[in-house]
Each structure stands twice: as structure tokens, then as C-alpha cells.
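Residue numbers (the UniProt record's numbering): 1 to 128.
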Amino acid sequence: MNVKNCPPDLETYNATLQRIFEASSKADKPVENESKFCAMMDLLEEMQHRNKVKPNEESWTWVLKECVKSGQFRLGYCIAKLMEHEFKKAPADLVKQNEANAEKAKAEGKEHPSALSQQQSLFDIKIE
1 MNVKNCPPDL
11 ETYNATLQRI
21 FEASSKADKP
31 VENESKFCAM
41 MDLLEEMQHR
51 NKVKPNEESW
61 TWVLKECVKS
71 GQFRLGYCIA
81 KLMEHEFKKA
91 PADLVKQNEA
101 NAEKAKAEGK
111 EHPSALSQQQ
121 SLFDIKIE
């Protein structure tokens, strides 16, 4: 954002978060490995640290919606906990959908990242 021409406010940031959520991609053709979650977190960082605008419940709701939509239930857990801490509540419907994503991943055997399942447990290593 061009801060000199348009000092950002909470409403503008929330509208930008909404646009990131609704956009199919940041380019005409989808870019490999692009992450809406990362784009949203970058915007929240700029918002809070650079421009001293504190994200509100709506701001974090857009991030949680993206976590649910993309199936990133682990990040969804973190955002829901943050919302419970900051605002004493998280959107129940989104928390429920995030739980459904977690259950689906568990049923498919994808509860944990595949890289972790390939590592040998410290307790299974025999030292001689």
C-alpha cells in the first residue's frame, strides 16, 4: 500500500484480506506454491508492526476462513486459539469445519506431515 497517498485503516486492511481470500490467484495464471495464508500474514504484519493498526476479529476471521478452505487444519488450530485468547471466542462454524478437516486428514492417514512419518522415533533407536 502507498501510505503517503492513502493512510491505511482497519477497514481497508480487512477489505484487502477479503480480496486475498476471494481471489483465485495473485496472477492471471495460478503461481506455483503461492500461499494465501502467507500473503494474509504478511499483510497482518504490515498492519500491526509497520502501521500500528491492531487486527480485529474480522481480520483474523478471514485468515481462519482461508485455513479452513485450504484444509490447513493445523494452522486453523493456531488461529482459533489466537482468536479465543484475543477476543474470547472464535467463529464456531469455522472451528467445526476445521475439526472436520482434521478428522478427514486423520481418516486418510494424513494427520501428520509425511516427513515426520519417515523419521525414526528416538525411542526406537537402540544404542549399543
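Glycine is no exception: its CB is placed at the ideal position from the N, C-alpha and C atoms. No experiment lies behind these values; they were computed from the predicted model shown.
Where residue i falls: helix, strand or coil (DSSP)
i, result
"M31", "A small correction: the amino acid at residue 31 is Val; Met does not occupy that position in the sequence shown. Looking at V31 - three-state DSSP - the assignment turns out to be coil, as it is neither helix nor strand."
"A105", "helix"
"H112", "coil"
"K36", "helix"
"V53", "coil"
"D9", "coil"
"residue 171", "In this structure the chain extends from 1 to 128, so residue 171 is not present and cannot be described."
"Q72", "coil"
Cβ-based burial, residue i [other Cβ within 10 Å; buried from 16]
i, result
"V31", "exposed"
"A92", "exposed"
"E66", "buried"
"P55", "buried"
"K36", "buried"
"A23", "exposed"
Separation of residue j from residue i, as counted between CA atoms
i, j, result
"Q72", "N101", "8 Å"
"V68", "R74", "10 Å"
"W60", "M40", "9 Å"
"C38", "M83", "18 Å"
"L17", "E108", "31 Å"
"D42", "R19", "14 Å"
Close beta carbons around residue i, own chain, < 8 Å, minus the five adjacent residues each side
i, result
"V53", "P8, D9, L10, Y13, M47"
Contacts around residue i, its chain only, beta-carbon distance under 6 Å, and the 5 residues preceding and following it disregarded
i, result
"Y77", "none"
"L94", "L64, V68"
"E58", "N14"
Residues of its chain near residue i, where Cβ-Cβ distance is below 7 Å and the 5 sequence neighbours each way are ignored
i, result
"E34", "S25, K26"
"F21", "K36, W62, K65, E66"
"Q97", "V68"
Q: List in chain order: all unbroken beta strand (DSSP E) runs of 3+ residues lying wholly within the segment 75-106.
A: none
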